[in-house]
Amino acid sequence: MTVLIVPPLDLSFPTLGPELADFIEDRCIFGPGSIAGEPAKLDAEKRAALYRLYEVYPKGHRLAGRRRFQRGALEWRKGMAKTEFAAWVTFAELHPEAPVRADGFNSQGDPVGRPVSFPFIPMMAVSQEQVSDLAYGVLKYIVENGPDNGIFDSSLERIIRLSSRGIEDGKVVPVANSPGGRDGALTTFQHFDEPHRLILPRAKEAHETMTANLTKRPLDDPWSFYTSTAGQPGQGSIQEGVRREAEKIEAGEIEDPAMFFFARWAGDEHKDLETIEQRIAAISDATGPAGEYGPGQFESIAKQWDRPDADAAYLERVWLNRWRKSNSQAFDMVRWNRLAPEYLPEGDQTPEGQRPGLARPGQKIPAGAFVTGGFDGARFRDATALVITEVSTGLQELVGLWERPDDVEDWEVPEDEVTQTLEWVMKTYSVWKIYCDPPHWTETIGSWALRWPDQIEEFFTQQYGRMAYTIREYVEAMDTGSIGWNPKHVNAAEFARHMGNAGRKDLRIRDDEDKPLWVMQKQSMELKFDAAMAATLAGKACLDARKTGAKPRTRRRSVIRRLA
344 MTVLIVPPLD LSFPTLGPEL ADFIEDRCIF GPGSIAGEPA KLDAEKRAAL YRLYEVYPKG
404 HRLAGRRRFQ RGALEWRKGM AKTEFAAWVT FAELHPEAPV RADGFNSQGD PVGRPVSFPF
464 IPMMAVSQEQ VSDLAYGVLK YIVENGPDNG IFDSSLERII RLSSRGIEDG KVVPVANSPG
524 GRDGALTTFQ HFDEPHRLIL PRAKEAHETM TANLTKRPLD DPWSFYTSTA GQPGQGSIQE
584 GVRREAEKIE AGEIEDPAMF FFARWAGDEH KDLETIEQRI AAISDATGPA GEYGPGQFES
644 IAKQWDRPDA DAAYLERVWL NRWRKSNSQA FDMVRWNRLA PEYLPEGDQT PEGQRPGLAR
704 PGQKIPAGAF VTGGFDGARF RDATALVITE VSTGLQELVG LWERPDDVED WEVPEDEVTQ
764 TLEWVMKTYS VWKIYCDPPH WTETIGSWAL RWPDQIEEFF TQQYGRMAYT IREYVEAMDT
824 GSIGWNPKHV NAAEFARHMG NAGRKDLRIR DDEDKPLWVM QKQSMELKFD AAMAATLAGK
884 ACLDARKTGA KPRTRRRSVI RRLA
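Quick note on our numbering: the sequence shown kicks off at 344 and runs consecutively.
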């Protein structure tokens, strides 16, 4: 098995874990399911995780008794009761008797626990419905059916802790993508459920707002808890950022980490998943010591690969907990974000069996460079993008992106800004051609063609046959490393997000190798990918320029004539 546990265990840090584990098993119950209502039972791995999550600074330290970690994250495969575990932790953070903060030390130097005074706890998921169905819903069941149900008042909108006088003494609220609503919250603990699904800008804004709120109650030592499965690489999810931070901790790039992270996934020895026995072994490896929750569970999971329409990449991601590109994702974002060979640290090389990376940090398109462009998007309620590609290097940069804000319904791309950006490109670079998708922009592109008649060219992306072969050319250019991108560019994050958002739709047309051709489509309605389409058009124009032997245009020199 493969695990990433950072920072490593340091026994000089005492923990509230043993006391808290006993409390959970005494006061909590299992949520909805086969053993609903039975007393909570922590397996060895969850107990160990709890110990790490509740480490405190030792007696004699300047921060004695304070929490060691401001954030904790578990990245385990689907079906490992992460949500239930999160509900138990949240229950303890809410309870008026739970030992969740240190209140001094005993004679052995172990911390003595106390509850939080008037806790405020937001629980976030990708949608309001999902909040109720996941950890918040489990917590609601626990407080309503557990032994302490008399000290809580619960509904779908909030769970209130009642004081001895029957008045509000703390609260848990469900949250879904609404940063403004949480801006003044005095948070003591917060939970992010399946943050690999939190990929939209408004979700990230909510996360930033909620994280900032943790500084408002320093006496209560607030912290954040993330429970997730591995996600799709390149989507820019909150979990992807958490995982990246954990990898930096492992690499020694963060000296005094404020986050505890624990991930487990099936190791590389389980690459071959052809037989059911091989899949069972991989699932067991990703599960760890907890084992099966019932006879034949692993075999039942392994048989899902045998369905004719099964998305093997999805199954590998959720059951083996491996970060994998879904079959519905257009581009390999692991490779997109991997460093190109010439930018790898000295002595490193591209892993065996993997194609070279496409990220070229430190390389940028200079002013005056010979470039091509791609333009795609809708005028209303969506997004529009302009990408350029340097012909000689294949380097791509997103120079313009206009997206409808999430909180605005009636919205239109500012045409004057788009035209001004195009004017800047024409003045700054030597432009061969810009391929433009005309629907929604017919009149505007027509006016551009009048100004730059030899450089603006219509390219209809809805002509599926032509577009499928265009995408194939673009992917082949990636495969050879002749197309790359600048991850240090000001718009790099948005560029990568759109590339990761692009979905794939197989056509009934097959190429000369009998492989299905495909076009781009949305993976879901809210995921915009216009920059990916613009990049494909810019890449196509670059390849066409190379094929035709195109050269930079000679700029006409002004001749000053003296009048007699």
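Backbone N, C-alpha and C fix where the C-beta goes; we use that ideal spot for every residue, glycine too.
Got a sec? Which residues, its chain only, sit under 7 Å from residue i by beta carbon, not counting five neighbours each side?
{"i": "residue 528", "result": "463, 465 and 556"}
{"i": "residue 885", "result": "715, 732, 734 and 737"}
{"i": "residue 822", "result": "698"}
{"i": "residue 790", "result": "none"}
{"i": "residue 665", "result": "573, 608, 609 and 659"}
Can you tell me which of the three DSSP states residue i falls into?
{"i": "residue 519", "result": "coil"}
{"i": "residue 347", "result": "strand"}
{"i": "residue 887", "result": "helix"}
{"i": "residue 569", "result": "strand"}
{"i": "residue 497", "result": "strand"}
{"i": "residue 593", "result": "helix"}
{"i": "residue 879", "result": "helix"}
{"i": "residue 361", "result": "helix"}
{"i": "residue 811", "result": "helix"}
{"i": "residue 821", "result": "helix"}
{"i": "residue 851", "result": "strand"}
{"i": "residue 828", "result": "strand"}
{"i": "residue 511", "result": "strand"}
Check for me: the alpha helix (DSSP H) holding residue i runs from which residue to which?
{"i": "residue 416", "result": "First-last for residue 416: 414-418, but that is the beta strand (DSSP E), not the alpha helix (DSSP H)."}
{"i": "residue 391", "result": "387-396"}
{"i": "residue 677", "result": "676-680"}
{"i": "residue 840", "result": "835-844"}
{"i": "residue 622", "result": "619-630"}
{"i": "residue 801", "result": "Careful: residue 801 lies outside any alpha helix (DSSP H), inside the beta strand (DSSP E) at 799-801."}
{"i": "residue 480", "result": "478-488"}
{"i": "residue 429", "result": "425-437"}
Thinking C-beta only, is residue j closer than 8 Å to residue i?
{"i": "residue 619", "j": "residue 663", "result": "no"}
{"i": "residue 729", "j": "residue 716", "result": "yes"}
{"i": "residue 512", "j": "residue 504", "result": "yes"}
{"i": "residue 681", "j": "residue 705", "result": "no"}
{"i": "residue 407", "j": "residue 397", "result": "no"}
{"i": "residue 668", "j": "residue 757", "result": "no"}
{"i": "residue 449", "j": "residue 455", "result": "yes"}
{"i": "residue 349", "j": "residue 568", "result": "no"}
{"i": "residue 481", "j": "residue 531", "result": "no"}
{"i": "residue 386", "j": "residue 545", "result": "no"}
{"i": "residue 628", "j": "residue 609", "result": "yes"}
{"i": "residue 572", "j": "residue 420", "result": "yes"}
{"i": "residue 805", "j": "residue 777", "result": "no"}
{"i": "residue 352", "j": "residue 604", "result": "no"}
{"i": "residue 722", "j": "residue 755", "result": "yes"}
{"i": "residue 708", "j": "residue 685", "result": "no"}
Keeping to the same chain, check which residues put their C-beta closer than 6 Å to that of residue i; ignore five residues upstream and five downstream.
{"i": "residue 540", "result": "469"}
{"i": "residue 522", "result": "Its pLDDT being 49, under 50, residue 522 is placed unreliably by the model, and nothing is read from it."}
{"i": "residue 908", "result": "In this structure the chain extends from 344 to 907, so residue 908 is not present and cannot be described."}
{"i": "residue 394", "result": "358 and 360"}
{"i": "residue 910", "result": "With the chain covering 344 to 907 only, the question about residue 910 has no answer from this structure."}
{"i": "residue 429", "result": "478, 534 and 570"}
{"i": "residue 840", "result": "579"}
{"i": "residue 447", "result": "455"}
{"i": "residue 866", "result": "671 and 846"}
Among the residues of its own chain, which have a CB less than 8 Å from the CB of residue i, if the five just before and after it don't count?
{"i": "residue 388", "result": "631, 632 and 633"}
{"i": "residue 356", "result": "398, 399, 400, 401 and 411"}
{"i": "residue 380", "result": "372, 373 and 488"}
{"i": "residue 785", "result": "none"}
{"i": "residue 655", "result": "616, 648 and 670"}
What are the boundary residues of the beta strand (DSSP E) that includes residue i?
{"i": "residue 544", "result": "Not the beta strand (DSSP E): residue 544 falls in the alpha helix (DSSP H), residues 544-556."}
{"i": "residue 862", "result": "859-865"}
{"i": "residue 604", "result": "602-608"}
{"i": "residue 533", "result": "532-536"}
{"i": "residue 409", "result": "First-last for residue 409: undefined, no H or E at that position."}
{"i": "residue 502", "result": "502-505"}
{"i": "residue 455", "result": "454-457"}
{"i": "residue 463", "result": "463-467"}
{"i": "residue 445", "result": "444-448"}
Could you check if residue i belongs to the surroundings of the ligand COA, using beta carbon to heavy atom distance under 7 Å?
{"i": "residue 882", "result": "For the ligand COA, the structure offers nothing, since it holds no ligand at all."}
Note down, one range per segment and in chain order, each alpha helix (DSSP H) of at least 4 residues found wholly within the segment 722-787.
-> 758-771
May I have a chain-ordered list of the alpha helix (DSSP H) segments no shorter than 4 residues that lie completely inside the segment 634-715?
-> 640-645, 655-662 and 676-680
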